[in-house]
Each structure stands twice: as structure tokens, then as C-alpha cells.
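Single-structure report; data block below.
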Amino acid sequence: MKSKKIDPQRQIVFTSTKANSSIRHRLFFFVFILILCFLVIAIPLILSSYKQYQQSNDALIEIKLLKALSEGANHISKERAFANKLMSSPPEQIDQRRAQLLDYRAQVNQSLNTTIQLLRSNDNKEIADYLITKAQPNLNLARLSVDRYAQTQPEQKSFQQYDRAVKQMFNAWDYYREALKMKIINSNQQDDELFRNMILILLVSDLRDQSGRVASNIIASISYQQQIPEENRARSLQTQYQALYLWKMIDTLQTQYPRTAKYNYLYHQVKIQFLDQGIGLVSGLIQESDRKQPYSLTATQLTEHLVKKFSAIIELQSYLVKETLDEATKQQAEAKQKFITTVILSLLSLLVSVLTLHYIERYILSPLIQAREEVLHLFDPQTPLRQKPKSKRVHGEFVELFDAIARLRDVLVEKDKLELKLRKIAHTDTLSGVANRKALNAYLEERVAPYSNLCLIMLDIDSFKRINDQYGHIVGDDVIQAVASELIAFESKFDLVVRYGGDEFLLLIEQITQQDALDVAEMIRAQIEAISVEQQIDVSVSIGVAVGAENWLALFKKADSALLQSKAKGKNRVEAALS
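All residue numbers for the sequence shown refer to numbering that gives the first Met the number 0, where the first residue is 0 and numbers rise by one.
Now the structure itself:
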């Protein structure tokens, strides 16, 4: 039979006992073993508390770096206001505005250089290098574009040059924002609340920039007192939507945690000053442009008005940064105190153990046997000492479990994407490229809103049977595809475009008045009337419009009745259903 391998330390104890050494020597041996076991317990505790202290210190440094980066982002975003004032100023104010801009640029440069040095000194060389090689060159390029515009003679200046300078300032901020993103992605922050605050700081920084873009997208048009181009108008509206979306994200994240009175105050200030008043001001200017009215503000006045509105956003960001810094500082102090306390208690416990065992050695001999058995018991696999490695394995198993969950989540995401793709294929009419009746059924099944606010536009191609009979079904298919292409061009106005039958289409719109629905239908009718299909076939459609009903069947009947009226009155016209 193979002999069982005995641990050397256990063998020493066994040999010592068997040899019947003196009580003193045996007790010294037990004291040594006990101290060793205590150190096995105490040292990991000390190292663990030190690791927590180090992590809290790293977290504090990360928050300080994020603060520096977010302030840099704000500086670059604010520089746009100075640049806009310079570019929109009359000749007599150019020198004053240029001096203000140059003075502020010096502050921005100093802030960027300080941030880069801070990053380098805290082992963030990658982000520091990114700022040097990417962010700063793009900022300098944007500044050059602003300066060239400002130096151009008034008669040679153009809207396009102004707008290009604004876009390049946007681009400069986008590059700097990437450094903020890199900082958060590379963060080793393990505290959920601190990490949540880091995300909030990034989102508020994004909100600050988007709020500036709301006006900057239209400021060139206001400066030149000309109608806002559709591209700039769309950018401004998109920026408004992005700002509102960021605000919802900030609100969603913050609702998971208690709100202070200060946060609530700043929260309402941002909502009132920027979301309500600031965006409303820009929206009013866009409406003035749409109505071809003179602008109520100059470009400089718009900039000055909105700079005041942005102060609430900056204050909110400063508050979040301060709260996060305070929390990180508090955690660092607590972790440091815990580490010091652990070390002191461990040393005191060790000292007490030594003194106690010394007392036992001198004055108590009877517990010696028991003490020996307890020390031997320390070598049993079921003892707490044997459980220390097990706790480490448990930690590893949790890591593997979370990895497995992450992999499972990835698999489910891919599965959802595949299902979405398959559903889209199943719900799309292959000839026209719009939704089919299956998609319509799915839409109606999922819809929970009342039908009183739903508009149905029913569209039918005039004389489609004659086209098929005279020119063939291939040409008929071309006609269907041409009509569908026009509907797709208007797709942003609809909630759903459906090919319901051979030459019949349904258009569904939520929350629209009957007059607006008739206007949309008339636009579609006129656009289709203007299309040209091979062999110069005249294509027209008859349209019936119905808004609101008790249910889908009633709405469908109303639209169908209106379509029949359109056909009866000579086709190629729009008819509204009777109330």
C-alpha cells in the first residue's frame, strides 16, 4: 500500500511530540506556529485594506483627471461663443472681439497643457498623446479657420466660410470629447456610484456642447440675415433632439439615487433656462426663418443670450464633479483609516498573542496539551486556514460567472439582431420595398393608443388594370415601384407605409389634424403625378383620407369610402372622409 505523504511542518510537530521534548521547547514551537497562523490571517487583511486604499486613491485621481478633461471640454465649447462674437461683429468691434478671443484662447491653452501634464504624471500617456496629436491640431485648425474669416474683408466674406468655421469648431470639440470617452472606458473604477457619476459628468459635458451647437448651427444665417439653409436647420433641430435625449439619460441615471436639494435646484434651472427658454429662443428664430421674417436678434445678441442660459448646465456639471470628488475623497479617507486601523489592530493583536502565550508558558502548564492539539488542528483541511484559498477560488468563480453571463448576453443580442432582421424581411413587400400586410397586422396588434388620433391615407393607382393590359405586367410593376419610391421619399412623415393590395397603399400617421393630413396627401398626389415611367405613361393616384374612428375597421371603412369618392369624382384627387 502506498504511504501517505505527510506535510513537513506536521511531521515536525509529530516528531517533536514523539521525542518527548521539553515543555518549554514544545510551547515555543506552538507559539511560533500560532504567530505564523496569525500572520497568515493578518497579512491578507492588511494587504486587502491597503489594496482598497490604493483603489480609492486611484479613483480619486481618476475623478481629478476627469474633472480636468471635462473642464477642458467646456473651455473648448465656450471658445465657440467668443469665436461667434468675433465672426458676427461689425468692423468697428473686430479688434475688441479679437482681443477677447485671444485672451480666452490663452486660458484654454493653459488648461489643455495643465491637463496633459496631469495625465502624463498619472500614467495616462495614451490620452495625453491623443490630446497632443489629435485634439490640439484640430483645435488649431478650427482657430485658423475662424481667424481667416475674421481677417477677410467684409465684402469678401461669405456665409459658407462662416459656417465652415463653425463646423470646424464642432469638429475640434468632438476630438477632445474622444479623450473624455477614452478616460471613462479605460477606468478601473469598481464603485458603482462613482462610476455612475463619471458617466453623468460625461453626459452633462455632452449636453453643454450640444446646447451650444443649437445656436451655432444657425448663427451664420442670422449673421447674414438670410434664410436658414435646410442642412443647418436640420442640424439645429437634430442638436435640440440630442440635447433633450441627453437630458432624459441624465434624468434616468440620477433617478436611481437620492437627489439633494442643490441638485434639484440646478436640475430645474437647466430645464427652465436652457431646455425651455434657450431652445425655445432658437426655435423661434428658426420659425422666423421659415416664415421669411426678419430675425428678432442679431448673431451677437443670440450668443450673449444663450451664454447666460448655459450657466445652469455648467453649474450642474460643477456640482456633479464636486460631489464625485467629495465622495471619492471621503472613500479614500475611509480606506486609509481602515488600512491604518487594520495594521494597528494586527500589531496589537500580535503583541497580545505573544504576551498571552508568554504568560501561559510561565504560569499555566495544564492547557499545553490542548494548545498542541489546537495547533495540529490548524493543519486540518476543514480549518479556517484551509478555507482561505477556497475564498479566492470563489472570487474567481464569480469572475467566470460574470464572463459567462456577458457571453450569454452577447449571444442573446446577436439572436435579437437576427430575429429583427428576419422580421424585417418577413414584413417587407419584395416588389415595392415598403411594409406588407403582415407588418400592418403586427403594428395594429402592438398599438395601444386610441384610434381617435390615428390618420389613415388610402391610395390607389388610377387605371392600373389598363396599364397592365396595355403595357404588360412588367411595366405595371415598374409603376408600382415608382409610386412606392415616391412614398418612401415621404417616409419620415408617416408611421407606417404599407402595400395593401396590388396597386393599393396605406399610409398611417399618428397625431395629425385632418387639414394637415389632407396637405400631406395632396403633396403626395402632386409628386406622383409628376413622375415619369418608361413609354411616357401618365401615372396618377386617387387618395382617401380619414382621421380618427372607434376602431381600425371603422377607420378603414371611412378611408375606403373617401377613396371611392375620389374615384367617382374623376380620379387623381384627394377626398376626405365625412365626419
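The beta-carbon is built from N, C-alpha and C at its ideal position, and this holds for glycine as well.
DSSP-derived helix/strand/coil call for residue i
{"i": "H376", "result": "Any reading at H376 needs caution, since the residue's pLDDT is 42, under 50, leaving its predicted position unreliable; the model's value is listed next. In the structure shown, H376 sits in a helix (DSSP, three-state: H, G or I)."}
{"i": "Q386", "result": "Legend: pLDDT at Q386 = 39, less than 50; position of this residue unreliable, no value from coordinates given."}
{"i": "F158", "result": "helix"}
{"i": "T114", "result": "helix"}
{"i": "I60", "result": "helix"}
{"i": "E549", "result": "coil"}
{"i": "A105", "result": "helix"}
{"i": "V433", "result": "coil"}
{"i": "G283", "result": "helix"}
{"i": "F489", "result": "coil"}
{"i": "D468", "result": "helix"}
{"i": "A448", "result": "coil"}
{"i": "A576", "result": "coil"}
{"i": "S541", "result": "strand"}
{"i": "Q95", "result": "helix"}
{"i": "S560", "result": "helix"}
{"i": "G569", "result": "coil"}
{"i": "D173", "result": "helix"}
{"i": "I511", "result": "coil"}
{"i": "T355", "result": "helix"}
{"i": "D476", "result": "helix"}
{"i": "D518", "result": "helix"}
{"i": "T427", "result": "strand"}
{"i": "I183", "result": "helix"}
{"i": "Y128", "result": "Per the sequence shown, the amino acid found at residue 128 is Asp instead of Tyr. In this structure, D128 counts as helix in the three-state DSSP scheme."}
{"i": "D580", "result": "There is no way to answer for residue 580, as the model of the chain reaches only from 0 to 578."}
{"i": "N536", "result": "In the sequence as presented, Asn is not what sits at residue 536; that position holds Ile. Note: I536 maps to strand in three-state DSSP."}
Contact check, residue i vs residue j, beta carbons under 8 Å
{"i": "Q160", "j": "T151", "result": "yes"}
{"i": "S69", "j": "L179", "result": "yes"}
{"i": "L455", "j": "I542", "result": "no"}
{"i": "V496", "j": "V433", "result": "yes"}
{"i": "I75", "j": "A219", "result": "no"}
{"i": "P228", "j": "P153", "result": "no"}
{"i": "V540", "j": "D476", "result": "no"}
{"i": "V281", "j": "S310", "result": "no"}
{"i": "A72", "j": "D162", "result": "no"}
{"i": "L439", "j": "L506", "result": "no"}
{"i": "D205", "j": "L243", "result": "no"}
{"i": "A558", "j": "A545", "result": "yes"}
{"i": "A327", "j": "I511", "result": "no"}
{"i": "L100", "j": "F81", "result": "yes"}
{"i": "L252", "j": "R195", "result": "yes"}
{"i": "A481", "j": "V532", "result": "yes"}
{"i": "H304", "j": "L315", "result": "no"}
{"i": "Q239", "j": "I278", "result": "yes"}
{"i": "F273", "j": "S210", "result": "yes"}
{"i": "Q331", "j": "N56", "result": "yes"}
{"i": "A260", "j": "N83", "result": "no"}
{"i": "A516", "j": "I527", "result": "no"}
{"i": "I312", "j": "V269", "result": "yes"}
{"i": "T113", "j": "A41", "result": "no"}
Any non-hydrogen atom of the ligand GDP within 7 Å of residue i CB
{"i": "S87", "result": "Absent from the structure shown: the ligand GDP. Ligands present: none."}
Rounded distance between the beta-carbons of residue j and residue i, thought under 8 Å
{"i": "L117", "j": "L193", "result": "Rounded, the Cβ-Cβ distance is 19 Å, inconsistent with contact."}
{"i": "Y115", "j": "A98", "result": "Here residue 115 is Ile; the residue named in the question, Tyr, does not match the sequence. Not quite, the Cβ-Cβ distance comes to about 26 Å (not below 8 Å), so this is no contact."}
{"i": "R524", "j": "V573", "result": "6 Å"}
{"i": "A164", "j": "Y148", "result": "5 Å"}
{"i": "V538", "j": "V478", "result": "6 Å"}
{"i": "L33", "j": "I200", "result": "Between I200 and L33 the Cβ distance is about 51 Å, and since that is not below 8 Å, they are no contact."}
{"i": "L453", "j": "L554", "result": "6 Å"}
{"i": "K291", "j": "Q226", "result": "6 Å"}
{"i": "I249", "j": "N231", "result": "Actually they do not touch by this definition, with Cβ atoms about 27 Å apart."}
{"i": "T302", "j": "A214", "result": "7 Å"}
{"i": "R104", "j": "E78", "result": "7 Å"}
{"i": "S560", "j": "A576", "result": "6 Å"}
{"i": "S144", "j": "Q167", "result": "5 Å"}
Within-8 Å CB hit, residue i to chain D
{"i": "S531", "result": "Checking the listed chains, one finds no chain D in this structure; it contains a single protein chain."}
Whole alpha helix (DSSP H) elements within the segment 185 to 271, 4-residue minimum: 191 to 222, 229 to 253 and 260 to 268
Count Cβ pairs between the segment 43 to 50 and the segment 332 to 339 that sit closer than 8 Å; are there 3 or more? yes
Threshold first: 4 residues or longer. Then list the alpha helix (DSSP H) segments lying entirely within the segment 274 to 334, N to C. 278 to 289
Is the number of C-beta pairs between the segment 25 to 36 and the segment 340 to 347 that are closer than 8 Å three or more? no
Continuous alpha helix (DSSP H) assignments of at least 4 residues falling wholly in the segment 27 to 60: none
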